[in-house]
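Okay, so the sequence shown: first residue is 2 according to the numbering used here, each after it adds one.
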Amino acid sequence: MSTADLQIPPGTPPAQLRELLRGWIAANAPQGLSDILDWRARVDLPGSVMRAVSEEQHAQAQRHPLFREWEERCLQARLVCPAWPEEYGGRGWEAPEMTVLDEEFFRAGLPRVDRVQGESMVGPSIILHGTDDQKRRLLPSILSGEHRYCQGFSEPGAGSDLASARTRGVIEGDEVVITGQKVWTSRFATANMIFVLCRTNTDAPKHRGLSYVIVPFTPGENGIDARPIRQMTGAEEFAEVFFDGTRARLDNVIGGLGEGWRVVQSTLAFERAAAGRATTMLVQSRERELAALVELARARGRDRDPVVRQQLAWAHTQVRLLRASWERTVSEVAAGREPGPQLSTWKLFWSEYHLKLGALALDIAGTDALLRPEGPGHPVDPWQDAFLVAHSGTVYAGTSEVQRNILGEGVLRLPREPRQAGAR
Ligand SMILES: Cc1cc2nc3c(=O)[nH]c(=O)nc-3n(C[C@H](O)[C@H](O)[C@H](O)COP(=O)(O)OP(=O)(O)OC[C@H]3O[C@@H](n4cnc5c(N)ncnc54)[C@H](O)[C@@H]3O)c2cc1C
């Protein structure tokens, strides 16, 4: 057995798991890896003020030999995609184990080797709905990092109401020929695969005519064009994606032709669960962010202002509540209960909190907040970035209005909102 192997008997309690992971990290983390990037700043959720690390810097650090060495060791220890079932290379871990893993890597200042949407959305959807052949062909390349996925769901006329997707998929022999437009495609710059929702039957009711297709993402080839969208922060983190006669293998349709809506539902549920798993990082980054804001208030002499003090105390209670509600969710999962609609409360709470925190930060920064820093393009400073990006948190993974509908109807049992069938 090499030192990178990691034996963790099933059912190991979290405290013991923590000890085992700590020992493994101490024995396996390459010297200097924590110095090549502030990995803690790299929270996989948009909206963090600590996003001092850009996508490009992160991608570059991931090409560093020390990261490669770490990646190999994590793969050997089955710490990549650890929430996947064992037969597909994972460990079948749930939120409690994932929380310990995230916390220990964060504590050590080391990156979790994360296959992002491949790991948390498309992989689990293939495991649930894919054929044996699809599992054999598609899962190992997610695990190894060869395939990096982006999500082709939203369209200009289909966001919350995803079932209205109009991108067409026409079957020709053993291929699906895709034509249409997607939008807000995150991670397009680093992806080489995309999972696309397209309409393969225009005669069927809108939920029944959809198919879920895995397509190699090759902008400039095979009829695919990706046009980056510049955001108000100046970053270009997502794109419009155009398909014009793009050919994909028919046997890359997951869940069967016309069964795409079922698979989408699973992917969206996995997305929410993934947002849940990443929340250990979210809580830690909010704690870090607030500590930095208190420092800013001190530096600006605003810490004596009673109104600012009160606002910071409010922010402190919100962050404490975030931690408490995440810990409650973890204990519920550990006790074998599904978190259910509280994930909507959680999503609503952290995104709306961050919107207010961004405004508070600009208030504390004072008139400086009105000026962009010097530099090429349209750079923003971290607090301006937090304020601007926080708005997106209330939109992705289900908008605040949609979350309120879920809570109103699913928890409070209020009368249903009039809506078109299929809105997510
Ligand atoms: C940072 C970020 C990353 C994203 N990444 C991706 C990605 O990688 N791939 C992808 O496919 N998509 C992605 N999206 C798109 C995202 O899923 C959609 O923006 C989201 O589903 C909302 O859709 P929409 O923008 O079309 O708004 P719409 O659905 O048109 O909503 C407009 C407004 O109407 C409200 N509304 C809509 N329906 C209802 C309802 N039933 N009841 C009450 N109010 C309602 C909404 O709350 C919103 O305020 C991303 C979005 C963001 C912000």
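Quick reminder that beta carbons are idealized off the backbone N, C-alpha and C, glycines included.
Compute the Euclidean distance between the alpha carbons of residue i and residue j, then round it to the nearest angstrom.
| i | j | result |
| --- | --- | --- |
| valine 171 | leucine 251 | 10 Å |
| aspartate 134 | tyrosine 213 | 16 Å |
| arginine 310 | alanine 293 | 14 Å |
| serine 142 | histidine 148 | 5 Å |
| asparagine 223 | arginine 414 | 48 Å |
| proline 416 | serine 267 | 26 Å |
| leucine 139 | arginine 64 | 23 Å |
| glutamate 238 | proline 229 | 7 Å |
| valine 295 | alanine 316 | 10 Å |
| alanine 227 | glutamate 105 | 37 Å |
| glycine 91 | cysteine 75 | 11 Å |
| arginine 231 | asparagine 202 | 34 Å |
| valine 308 | methionine 282 | 29 Å |
| tryptophan 384 | glycine 246 | 43 Å |
| glutamine 58 | glycine 221 | 24 Å |
| serine 49 | alanine 325 | Residue confidence is low: serine 49 scores 42 on pLDDT, short of 50, so the model does not pin down where it sits. Its coordinate-derived value is still stated next. Their Cα atoms are separated by approximately 20 Å. |
| glycine 124 | leucine 269 | 12 Å |
| alanine 298 | aspartate 306 | 9 Å |
| glutamine 457 | aspartate 103 | Missing from the structure shown is residue 457; the chain here goes from 2 to 425 and no further. |
| cysteine 199 | glutamate 290 | 40 Å |
| proline 14 | glutamine 32 | 29 Å |
Could you spell out where the beta strand (DSSP E) holding residue i opens and where it closes?
| i | result |
| --- | --- |
| tyrosine 213 | 211 to 217 |
| glutamate 290 | Where glutamate 290 is concerned, there is no enclosing beta strand (DSSP E), although the alpha helix (DSSP H) it sits in stretches over 280 to 300. |
| valine 1 | Lying outside 2 to 425, the shown extent of the chain, residue 1 is not represented and no answer is given. |
| glutamate 173 | 169 to 173 |
| leucine 198 | 194 to 200 |
| alanine 178 | The amino acid at residue 178 is misidentified as alanine; the sequence shows valine. 176 to 187 is the extent of the beta strand (DSSP E) around valine 178. |
| aspartate 386 | Looking at the DSSP string, aspartate 386 is not in any beta strand (DSSP E); the run it does join, the alpha helix (DSSP H), is 383 to 394. |
| aspartate 204 | No beta strand (DSSP E) holds aspartate 204; DSSP gives it neither H nor E. |
Leaving out the 5 sequence neighbours to the left and right, which residues in its chain are closer than 6 Å to residue i when beta-carbon positions are compared?
| i | result |
| --- | --- |
| alanine 78 | Ala5, Leu7 |
| glycine 12 | none |
| valine 216 | Ile195, Val197, Ala249 |
| threonine 280 | Trp327 |
| threonine 100 | Thr281, Val331 |
| glycine 93 | Pro86, Glu87 |
Can you tell me where the alpha helix (DSSP H) with residue i in it begins and where it stops?
| i | result |
| --- | --- |
| methionine 99 | 96 to 109 |
| glutamine 77 | 66 to 77 |
| glutamine 404 | 401 to 407 |
| lysine 357 | 343 to 366 |
| valine 334 | 307 to 335 |
| aspartate 369 | Careful: aspartate 369 lies outside any alpha helix (DSSP H) and carries neither H nor E. |
Please go through the same chain and pick out, in chain order, the residues whose beta-carbon is closer than 8 Å to the beta-carbon of residue i, but skip the five residues on each side of it.
| i | result |
| --- | --- |
| leucine 322 | Phe350 |
| leucine 356 | Ala391, His392, Gly394, Thr395 |
| arginine 301 | Ile365, Ala366, Gly367 |
| leucine 408 | Pro342, Ser345, Thr346, Leu349 |
| alanine 30 | Trp71, Ala109, Leu111 |
| lysine 136 | Tyr89, Ile127, Ile128 |
| glutamate 272 | Ser121, Met122, Ala398 |
When we look at the beta-carbon of residue i and count the other beta-carbons within 10 Å, is it buried (16 or more) or exposed?
| i | result |
| --- | --- |
| glutamine 312 | buried |
| leucine 371 | exposed |
| serine 332 | exposed |
| serine 145 | exposed |
| valine 412 | exposed |
| valine 334 | buried |
| glycine 256 | buried |
| proline 206 | exposed |
| glutamine 319 | buried |
| threonine 210 | What sits at residue 210 in the sequence shown is glycine, not threonine. Result: buried. |
| alanine 96 | buried |
| glutamate 87 | exposed |
| alanine 369 | A small correction: the amino acid at residue 369 is aspartate; alanine does not occupy that position in the sequence shown. By the neighbour-count rule (16 or more Cβ atoms within 10 Å), aspartate 369 is not buried but exposed. |
| arginine 287 | buried |
| glycine 153 | buried |
| glycine 181 | buried |
For residue i, I'd like the list of residues in its chain whose CB is within less than 7 Å of its CB, leaving aside the five on either flank, ordered along the chain.
| i | result |
| --- | --- |
| glutamine 404 | Ser345, Lys348, Leu349 |
| alanine 192 | Arg149, Tyr150, Cys151, Phe218 |
| glutamine 285 | Phe107 |
| serine 401 | Leu349, Ser352, Glu353, Thr395 |
| leucine 34 | Leu67, Phe68, Trp71, Leu111 |
| alanine 62 | Ile37, Leu38, Phe68 |
| phenylalanine 388 | Gly359, Ala360, Ala362, Leu363 |
| aspartate 382 | Pro374 |
| tryptophan 40 | Gly110, Leu111, Pro112 |
| leucine 22 | Val101, Leu102, Glu105 |
| glutamate 339 | none |
For the structure I just gave you, are there three or more beta carbon pairs, one from the segment 396 to 416 and one from the segment 344 to 363, closer than 8 Å?
yes
Are the segment 174 to 184 and the segment 122 to 130 touching, with three or more C-beta to C-beta distances below 8 Å?
no
Segment contact, 8 Å Cβ cut-off, at least three pairs: the segment 252 to 271 with the segment 78 to 87
no
Using 8 Å as the threshold, is the segment 111 to 127 in touch with the segment 182 to 196, meaning 3 or more CB pairs across them?
yes
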